[in-house]
Every structure is written in structure tokens, then in C-alpha cells.
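Since the structure comes first, as C-alpha cells, the remarks are kept for the end.
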Amino acid sequence: MVVKRILCYCNANSYVGLGHLSRMINIVGHLNTLQDNLIITFYGNYSEFGETLLKANELKYVNEKKYKSYDYKGLTKIISKGIYDNIIVDTYLVNEELLNILKESNLRTLVIDDLNTLDFKDIDFLLNFTVGSINSNYKSKKTFKGLKYFPYKHSLLKIRERNKHHNLKKSGNIYNVYVILSGSSVGRDKVLMVLEIVETIFKDARLIYIDSGNEVGYYAGRTVIASPVKEMEKVLSNADLIINGGGLLKYEAAFCLIPNISIMVNDSGLADIHIFEEMGLTVYAGKLSLENKEEIKEKIKHFVMNKESFTNKLKENSKKHFDIFGIRKALNDFIDK
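Quick note on the working numbering: the sequence shown kicks off at 31 and runs consecutively.
Written out as C-alpha cells, the structure reads:
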């Protein structure tokens with residue numbers, strides 16, 4: 031069988047967070063189950079924790095230390111070596127320059143996109159798994175849109191299956207609450223505000239804040255301040271409720287049938303959160319700002335009062351909208367040549 035070499039371009043640093051790297055790692059996990067003749071290399075700018083994730087997954091990578099936004103000189107150089115057959119791109123920094131580089135490379139190309147603001151007509155495959163993408167009009171040669179193509183991590187399947195059969199009356203109890211707002215810094219004062227709210231509402235629960243931005247420092251409250259985790263499935267396996275920043279984690283929680291509350295960290299994600307809430311897959315508690323403290327508090331209280339109803343609805347909607355085979359079918363098309 032002929033060896034196929036795939037270059038995975040994404041970044042994971044304080045500027046862009048960890049989401050792109052996380053979902054790229056998930057995609058590679060699926061690729062490796064489809065064919066055993068793949069040689070995969072990651073390229074991008076990776077923080078210390080990003081490197082930790084790559085090493086933990088035993089992935090080959092090149093860390094571009096001279097990171098600058100929209101600077102593709104390093105990528106152009108590595109493509110020009112002529113050793114790769116395919117390339118996967120996952121970055122919010124995609125622009126016309128990058129699309130031209132991909133076009134001229136003659137590599138079989140897959141781009142993961144969330145925004146639909148560019149012309150992807152020269153891209154071979156485009157993947158947008160966000161809930162709002164189903165009505166998007168892409169011009170790529172082949173497009174995979176919607177939740178059915180969500181690139182979940184394999185280990186989440188066990189959690190999903192376990193929670194499918196969990197006793198719904200007992201599942202209303204909230205013992206472990208995880209707060210994970212972002213893969214980068216969001217501001218210590220805002221974090222402390224959220225922790226004050228959850229400590230007031232969840233008096234008997236175990237509270238854990240994953241400090242991805244390393245910005246809390248000494249904390250005298252009841253919440254346990256924890257370092258970023260290499261294996262998110264450990265969090266998802268233990269959580270009865272996840273309070274998130276409205277990004278990738280709300281998808282992972284909903285996939286695992288775990289009740290989740292989204293507090294919007296980035297304005298660009300608002301439409302996505304609203305659709306997710308309309309589909310019964312999250313509860314939107316408002317924008318993360320000091321001025322919104324009371325709104326956030328009241329929305330979380332409302333969730334607690336209706337947690338059993340929301341949990342039941344979440345389970346039904348998650349089973350309806352997610353497809354565990356979708357991402358595998360899409361990736362099989364990408365490498366099947």
C-alpha cells in the first residue's frame with residue numbers, strides 16, 4: 031500500500047487558544063483508524079501546553095517559533111519541500127493569501143472553516159461542523175456541513191453511551207461542576223466573578239475551574255483551581271454540569287449528553303450559541319462581562335430549577351443531531367484516492 035503523507039496546519043497559543051489543535055488531533059485520530067499507511071505531521075506555532083498535547087498523543091510536529099499572524103512564509107517553505115500529498119488546515123487566520131498558497135501547492139486539501147466569509151472554490155474538501163453551517167452556501171468542490179460531521183474524540187463514545195442509559199431522575203443531581211471558559215486568558219476579574227456565582231448557587235457541589243489562561247493564582251474560595259488537562263475525556267467523564275465559554279467544549283459536552291451552560295467569551299460565537307440553545311443542546315447565560323453578573327447568575331439559577339427537563343431534552347436532541355459515523359465518512363473521502 032502506497033504511503034500517504036499528510037500535513038496538518040493549525041496553531042495553539044495564547045492568541046488563538048487550543049480549540050484548533052484539539053479538533054485537529056481528533057481528526058487525526060479518526061484518520062488513523064481508516065488507513066494504516068498515513069504519515070502525519072503537524073505544523074504551526076504551539077505553546078508549551080500545545081506541545082504537551084502533541085507529545086501525549088505521540089504525534090510528529092514542527093513548532094514554528096517565529097509566530098506572526100497571517101505570516102505563511104514557514105508554511106510555504108514546508109509545502110515547497112514536495113514531500114506531502116495532502117494538507118488539512120484549521121485556523122481562524124485563513125485569508126485569500128493562504129487559499130492561494132493551497133491552490134498553488136497542488137496538494138489534496140481539506141479546510142476546516144467556521145465563518146464562511148471567503149471563496150473556497152479551489153479547495154477540494156471543506157468541513158464546517160457548526161450548527162449554523164447547514165444553510166451556508168460554500169463553493170468548495172465538496173462540502174461537509176453540520177453536526178453530523180462533528181470531529182469528536184474516540185474516547186468520548188464510551189461517555190456518550192454511558193449517559194444514554196443513565197437514570198434520568200438521578201441524573202438531575204449535580205455533584206461535579208466544571209468551569210472552563212477558554213483555552214487562553216479571559217481576565218482574572220471575570221473569572222472570579224463567575225466563580226463567585228457558581229459558589230453561591232451550587233453550595234453542595236464539587237467545583238473545579240480549569241485555569242487554561244494561568245491567570246487566577248492564589249484563590250481562597252471553595253472552587254478547586256486546576257491546571258489544563260491533556261485528556262478532556264477525564265473532565266467529561268466526571269462532570270454533571272459544564273460551564274463553558276461557548277466554543278468547542280459545548281459541542282463535546284452535548285455530544286456526551288452532559289448538561290452545559292455557555293457564557294459567551296468571544297462575540298464571533300454568539301450566533302452559534304443561539305442556534306445551539308434553540309436546538310436544546312446548551313443554555314446561554316449571557317456575555318462574559320462584569321456588567322452582566324446578575325444576568326449570568328439568574329440564567330444559571332433558571333437552569334438549576336429546570337435541570338431535569340433540560341437534561342431530558344438535551345439527551346433526545348443530541349441523539350437526533352449528532353452522527354457518530356459522519357466524520358469518518360468525510361475523512362474517508364478525503365484520503366480515498
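Virtual Cβ for every residue (Gly too), placed ideally from N, Cα, C.
- Per DSSP, R252 is not a residue of any alpha helix (DSSP H), being assigned neither H nor E.
- Scanning L148, E191 and G251 for the CA closest to the CA of S348 turns up E191.
- In this structure, DSSP gives N41 a state outside helix and strand, which the three-state scheme calls coil.
- The stretch 136-145 makes contact with the stretch 112-122, as at least three CB pairs between them are under 8 Å.
- Between A269 and L311, the gap from beta carbon to beta carbon reaches 8 Å or more.
- Taken atom to atom, the span from the alpha-carbon of I273 to that of I113 is near 43 Å.
- Nearest in C-alpha terms to H351, of all of G176, V209, T253 and I357, is G176.
- Three or more Cβ pairs closer than 8 Å define a contact, and the stretch 227-237 falls short of that threshold against the stretch 53-62.
- Classified as exposed, F355 has fewer than 16 neighbouring CB atoms from the shown chains inside 10 Å of its CB.
- The stretch 93-104 makes no contact with the stretch 153-172: fewer than 3 CB pairs, one atom from each, lie closer than 8 Å.
- Counting other Cβ atoms within 10 Å of its Cβ, M335 stays below 16 and is therefore classed as exposed.
- The Cβ atoms of G316 and L211 do not sit closer than 8 Å to each other.
- Under the DSSP assignment, V228 falls in the alpha helix (DSSP H) whose first and last residues are R218 to I231.
- Bridge pairing for K172: F155 [DSSP].
- The continuous alpha helix (DSSP H) containing M335 extends over residues K323 to M335.
- For E263, the closest alpha carbon among the candidates V295, V207, K194 and K188 is that of K188.
- Residue environment for H50: buried (at least 16 other C-beta atoms within 10 angstroms of its C-beta).
- The shortest C-alpha to C-alpha distance from D241 to any of A235, A250 and V259 is the one to V259.
- Minimum Cα-Cα distance from H195 among the listed residues I326, E346 and L105 corresponds to E346.
- Minimum Cα-Cα distance from S77 among the listed residues A86, L64, N41 and G104 corresponds to N41.
- 8 Å or more divides the Cβ of K34 from the Cβ of N62.
- Comparing alpha carbon positions, the residue from V216, Y39 and I238 closest to G104 is Y39.
- Per the C-alpha coordinates, the member of R218, L237 and D366 positioned closest to Y205 is L237.
- Here V246 is near V221, since their CB atoms are less than 8 Å apart.
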